[in-house]
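Each remark here refers to the structure printed beneath this line.
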Amino acid sequence: MKILSVFIFSCIVGICLGAGASISTGGSSSGGSVTETEKTRLLKRGHPLSLTCSPNITHATTLWEKDGKEIIESERIKLFSNTTLYIVSAEEGDIGEYTCRHTNLLETKTFVVVEFSLQKHLPKSTTVLENDKLSLTCQVDGNPHPIVQWLKDGEPVQESVNSSRLTLSENEAGISNGSLLINPVMKSDSGNYLCLITQSTIQFNTTTDVRVKDIYAALWPFLGIVAEVIVLCIIIYIHERRRIKKNFDASDIDKISEQW
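According to mature numbering (1 follows the signal peptide of the UniProt record, and there is no 0), the stretch in the sequence shown is residues -18 to -1, 1 to 242, in order.
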């Protein structure tokens, strides 16, 4: 009954116990979630964390190690006979590699516990003027640091954009390649840009469609208005010329009539 209540409590607070669980990536209203894998589990500080070595075994002596050191049961860390390791309230120090094995079996199982946070997704679309600069930031953080790769239309951005115009740098969290800068931007830089984030065996991405507008695009509405004004002035000028000529001709006819 104690084990059952622990599992129910874990699901209530939002951390599922098996692979396939997900946590919110936070920050953005566009939201999204990162799904765990069988090997990689997500840590959320202050929430329970549970790892089950062999779901089909209900009574066995299981040895657990973290980063090569044996785990000893305590008030915060519980070891259950159903081969489950349960951490009541996860902390940063719980990040690492966990290995379990049963005393009567040589086979081992490994879990990697990581921390991941995507504060904000890329915008759905991004518009920039030609010869201006394009700046995109993947606002991701994690422990250990995730690997960030940028793709343009499915290919590494380094293969699509000349290296003299492309700069990849750390984001605010210090994640390598977290920020992308293209300066100056060319029409050929239009396309779909994807930030691919890899954290152990977990992959997540966020994308934006980039549109590069002609440098004179902002002037077209103004030039259209100017053209309309010029055409209107010409029409008024022609109309006035005809009106003046008509009045002048009528005046000449009146003078001739008076002479007769």
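Where a beta carbon is used, it is the ideal one built from N, C-alpha and C, also for glycine.
All figures in this text were calculated on a predicted structure; none of them were measured in a lab.
- Under the three-state reduction of DSSP output, TYR68 falls in the strand class.
- Counting only residues of its own chain and dropping the five nearest sequence neighbours on each side, THR119 has a CB closer than 7 Å to the CB of ASN153, GLY160, SER161.
- Within the region 146 to 219, no run of alpha helix (DSSP H) reaches 4 residues while sitting entirely inside it.
- For LYS195, same chain residues with a beta-carbon under 8 Å away, outside a window of 5 residues either side, are THR109, VAL110, LEU111, GLU112 in chain order.
- The continuous alpha helix (DSSP H) containing SER142 extends over residues 139 to 142.
- In the pairwise beta carbon analysis, the region 126 to 146 is classified as not touching the region 43 to 56: fewer than three pairs are separated by under 8 Å.
- Remark: C-beta atoms of TYR68 and LYS48 do not approach each other more closely than 8 Å.
- Contact annotation: VAL16 and PHE93 have beta-carbon atoms that are not nearer than 8 Å.
- Cα atoms of ALA209 and ARG225: separation of roughly 24 Å, rounded to the nearest angstrom.
- When the beta-carbon positions are compared, THR190 and LYS91 stay at least 8 Å from each other.
- Burial is judged here by how many other beta carbons sit within 10 angstroms of a residue's own beta carbon; THR43 has fewer than 16 and is exposed.
- Annotation: ASN86 is outside any beta strand (DSSP E) and is labelled neither H nor E by DSSP.
- Shown here, GLY124 sits in a strand according to DSSP, grouped into three states.
- Contact check for CYS177 against LEU104 passes: the beta carbons are separated by less than 8 Å.
- In terms of Cβ geometry, ILE164 and HIS127 do not form a close pair [threshold 8 Å].
- Taking C-beta atoms as the reference points, GLY124 and GLN181 count as a pair closer than 8 Å.
- Residues SER71 of the same chain have their beta carbon placed closer than 6 Å to that of GLY28, with the five preceding and five following residues left out of the count.
- Only buried fits THR34, as 16 or more other CB atoms lie within 10 angstroms of its CB.
- The residues THR180, in chain order, have a CB closer than 6 Å to that of ILE129 in the same chain once the five nearest residues on each side in sequence are set aside.
- Relative to the Cα of VAL95, the nearest Cα in the group PRO203, ARG223, GLU73 belongs to GLU73.
- When rounded, the separation of the alpha-carbon atoms in ASP76 and GLN131 is 27 Å.
- Cβ-Cβ separation between VAL122 and LEU100: approximately 5 Å, consistent with a contact (criterion under 8 Å).
- The residue among ASN174, THR149, LEU31, CYS82 with its C-alpha nearest the C-alpha of LEU133 is ASN174.
- The Cβ neighbour count for THR66, taken over all protein chains shown within 10 Å, is at least 16; the residue is labelled buried.
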